[in-house]
Amino acid sequence: MTSDISALDLQSIVIHGDLDLEHPEANDAALAPAIHTASTYAARDGEEFVVMANTPRHPRYYARNGNPTQERCERLLARLENAESALLCASGMGAMSTTLLALVKAGDHVVAQTAHYVGTAQLLNDLLPGFGVEVTLVGQRDPEAFRRAVRSNTKLIVTETPSNPTLVLTDLAAVAAIARERGILTLADNTFASPINQRPRDFGIDLVLHSATKYLGGHSDLIAGVVCGDAAVVESIWKRSLMLGANVSPFTAFLLLRGLRTLPMRVARQCETALTLARFFASHAAIARVHYPGLESHPQHALFKRQMKSGGGVLSIEFGGEVEAGFEAAKRFVVALKLARHAVSLGGVETLVVHPASMWESSLTPERMRAAGISPALVRIAAGLENADDLIADMGRALRGE
Ligand SMILES: *Cc1c(COP(=O)(O)O)cnc(C)c1O
Numbered sequence: 006m007t008s009d010i011s012a013l014d015l016q017s018i019v020i021h022g023d024l025d026l027e028h029p030e031a032n033d034a035a036l037a038p039a040i041h042t043a044s045t046y047a048a049r050d051g052e053e054f055v056v057m058a059n060t061p062r063h064p065r066y067y068a069r070n071g072n073p074t075q076e077r078c079e080r081l082l083a084r085l086e087n088a089e090s091a092l093l094c095a096s097g098m099g100a101m102s103t104t105l106l107a108l109v110k111a112g113d114h115v116v117a118q119t120a121h122y123v124g125t126a127q128l129l130n131d132l133l134p135g136f137g138v139e140v141t142l143v144g145q146r147d148p149e150a151f152r153r154a155v156r157s158n159t160k161l162i163v164t165e166t167p168s169n170p171t172l173v174l175t176d177l178a179a180v181a182a183i184a185r186e187r188g189i190l191t192l193a194d195n196t197f198a199s200p201i202n203q204r205p206r207d208f209g210i211d212l213v214l215h216s217a218t219k220y221l222g223g224h225s226d227l228i229a230g231v232v233c234g235d236a237a238v239v240e241s242i243w244k245r246s247l248m249l250g251a252n253v254s255p256f257t258a259f260l261l262l263r264g265l266r267t268l269p270m271r272v273a274r275q276c277e278t279a280l281t282l283a284r285f286f287a288s289h290a291a292i293a294r295v296h297y298p299g300l301e302s303h304p305q306h307a308l309f310k311r312q313m314k315s316g317g318g319v320l321s322i323e324f325g326g327e328v329e330a331g332f333e334a335a336k337r338f339v340v341a342l343k344l345a346r347h348a349v350s351l352g353g354v355e356t357l358v359v360h361p362a363s364m365w366e367s368s369l370t371p372e373r374m375r376a377a378g379i380s381p382a383l384v385r386i387a388a389g390l391e392n393a394d395d396l397i398a399d400m401g402r403a404l405r406g407e
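Residue numbers (the working numbering): 6 to 407.
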């Protein structure tokens with residue numbers, strides 16, 4: 006095996022990235038990892054116990070601290086995101102809450118975006134202020150807005166690009182440069198792009214976070230999250246994870262590793278289909294706007310070309326007409342679909358469609374929804390792996406109200 010797996014193409018990293026080159030003797034000859042279900046591991050002698058208990062992230066001590074199945078999956082994820090280290094958590098929200106609670110404390114200030122995944126927005130707006138952490142939200146289109154929001158006590162800048170569900174981009178290189186000048190840590194939620202389309206650390210971002218539930222797992226059959234970065238920072242997040250307990254299950258780590266083997270192929274196909282769908286809707290009279298960074302008409306297409314390899318597997322469409330008519334048309338469309346499924350989440354093999362204005366009625370106030378740029382007439386479409394012509398036939402029929 007080559008001595009530098011991280012230098013390989015991502016297509017090869019997903020196949021071999023879980024190998025431990027520093028301790029080749031530790032690599033299991035079994036190509037599929039064992040699922041280590043043990044909650045605890047016995048020491049051979051007193052000396053070994055001391056080592057087990059005092060080595061950070063020891064994979065064979067107590068399973069909340071880690072386990073060999075998890076470690077193998079984390080090694081691959083770190084290499085995929087061009088990072089030294091990765092920490093798996095029980096969910097994307099587990100990774101986000103553990104990371105935030107590890108990096109900021111009362112008296113600190115965080116800069117984040119007006120548009121974030123709804124759970125992240127709730128953490129930033131509702132949880133952190135209660136712990137004495139101040140949060141400033143800025144429009145992500147303008148990197149200077151991040152600079153203006155920074156204060157002397159700013160510890161962290163949180164970004165998400167493309168953001169959910171309006172596919173607005175954040176200039177990662179510009180934000181990373183602003184933060185670096187001032188010694189502020191940066192975090193990018195890379196769930197929507199996946200490492201196949203964008204690796205935030207290549208633009209100077211410190212920490213990369215994923216809901217592994219989405220593209221990384223890829224089969225709508227697991228919930229997990231991961232944060233990747235320099236070993237020292239990830240170790241400090243791991244220490245906090247011991248207190249918060251949002252650790253991943255070994256079964257989930259196994260399933261995730263299995264899903265990751267086909268990540269590049271799945272994502273390539275999903276992006277191709279999303280672009281085909283985006284072009285179809287862009288030329289359809291009932292649709293007023295299509296949000297997809299891979300379309301030449303996207304207002305940030307130049308940034309897209311600098312930052313992303315492909316437009317990703319998610320697009321949003323907005324129905325035309327008056328507000329009430331658009332809202333009703335969007336609702337009618339999602340329930341008329343027969344092949345695409347009406348379900349939350351994304352990144353799986355099935356095409357999933359949601360109407361955010363109905364979905365977030367209870368968790369986002371109309372003001373927050375407007376601030377996040379979410380129109381009542383907006384429908385989010387996450388491409389799966391079905392044949393694109395079959396999807397277009399289904400969507401065309403639903404648009405005609407048949
Ligand atoms: C789904 C999602 C999350 C939350 O992840 P869970 O695995 O559902 O906890 C965070 N960020 C983004 C962008 C997401 O799409």
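Yeah, the Cβ is synthetic: ideal placement off N, Cα and C, and Gly gets one too.
Computed from a prediction, not measured in an experiment: that's the story for all the values here.
Of the residues Arg-375, Arg-346, Val-173, Val-340, the one whose Cα lies closest to the Cα of Leu-404 is Val-340. Taken in chain order, the complete beta strand (DSSP E) segments of 3 residues or longer contained in the segment 185-270 are 190-194, 212-216, 230-234.
Judged by the Cβ position, Asn-169 qualifies as a neighbour of ligand 1 at the 6 Å threshold, a heavy atom of the ligand being closer than this. In this structure, Thr-356 has its CB at a distance of at least 6 Å from all heavy atoms of ligand 1. When distances are taken from the beta-carbon of Tyr-122 to the heavy atoms of ligand 1, the shortest one is below 6 Å.
Ser-96 is positioned such that its CB atom lies no closer than 7 Å to that of Leu-128. In this structure, DSSP gives His-306 a helical state, which the three-state scheme calls helix. In this structure, the C-beta of Asp-226 stays at least 6 Å away from each heavy atom of ligand 1.
The criterion of a C-beta distance shorter than 7 Å is not satisfied by Glu-333 and Thr-356. Positions of the alpha helix (DSSP H) runs, each at least 4 residues long and wholly inside the segment 48-135, are given as 51-59, 73-85, 97-108, 123-127 in order along the chain. A contact is defined here as three or more CB-CB pairs under 8 Å, and the segment 219-233 meets this definition with respect to the segment 194-211. When rounded, the separation of the alpha-carbon atoms in Leu-172 and Ala-283 is 12 Å. Here Gly-99 is buried: its Cβ has 16 or more other Cβ atoms, across all protein chains shown, within 10 Å. Residue environment analysis places Gly-316 among the buried positions, since at least 16 neighbouring C-beta atoms fall within 10 angstroms of its C-beta. Classified as exposed, Asp-131 has fewer than 16 neighbouring CB atoms from the shown chains inside 10 Å of its CB.
Proximity of the segment 160-174 to the segment 184-194 meets the contact definition, three or more beta-carbon pairs being nearer than 8 Å. Assigned with DSSP and collapsed to three states, Val-358 falls in strand.
Per DSSP, reduced to three states, the secondary structure at Arg-294 is strand. In the three-state DSSP reduction, Thr-164 falls in the strand class (E or B).
Taking C-beta atoms under 8 Å as the contact rule, Ala-345 and Val-358 qualify, at a distance of about 5 Å.
With a cut-off of 6 Å, the C-beta of Gly-97 is classified as near ligand 1, since at least one heavy atom of the ligand falls inside that distance. Contact annotation: Glu-86 and Cys-233 have beta-carbon atoms nearer than 7 Å. In the structure shown, the three-state DSSP call for Ala-387 is strand. Asp-50 counts as exposed, since fewer than 16 other C-beta atoms from the protein chains shown sit within 10 angstroms of its C-beta. The C-beta separation of Thr-119 from Glu-165 comes to about 11 Å, leaving the pair out of contact by the 8 Å criterion. Each residue's CA atom was taken as its position, placing Ala-279 and Phe-285 some 10 Å apart. For Gly-352, the shortest separation between its Cβ and any heavy atom of ligand 1 does not lie below 6 Å. The distance from the Cβ of Ile-183 to that of Phe-208 is about 12 Å, inconsistent with a contact at the 8 Å cut-off.
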